[in-house]
Amino acid sequence: MAGIGRLTTHVLDTMHGKPAKGMRLELLYVHGDHTHHIADSYTNGDGRVDQPLLDEQQFQHGEYEIHFHVGQYFERLGVELEAQFLDVVPIRFTISEDKHYHVPLLVSPFAYSTYRGS
């Protein structure tokens, strides 16, 4: 069922205190015990994806995951770690209303947090 909502994200690099430019992310639709790949994107200079991950045409209720490739991001920046702790951060969430869903990520090489934004 197509809706009138949309899905967006924003990534902030809390180690450096700035938007996470150039982070790869993947959007997946969860169906039972397997997932369907929907899209690959990269964050822009503001830590956002230029287009909504789901726009009004693609938007539907269900369970989704965004995979944030944080290990690759920090490696590309030259962050040297004795041992990498975070690699891919999966955030699984449910879309149940025809509204704007915003799933931001605040991340460092050792911790992350998320919330339902607006």
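Position one of the sequence shown corresponds to residue 1 (UniProt numbering), numbered consecutively onward. All C-beta atoms in this analysis are idealised placements derived from N, C-alpha and C, irrespective of residue type, glycine included.
The three-state reading of DSSP puts residue 80 in coil, since its state is none of H, G, I, E or B. Distances from the alpha-carbon of residue 106 to those of 35, 6, 18 put 18 closest.
For residue 62, DSSP records a beta bridge to 95.
Annotated three-state conformation of residue 75 is helix, per DSSP. Your pair residue 56 and residue 116 does not check out as a contact, with CB atoms roughly 19 Å apart and the cut at 8 Å.
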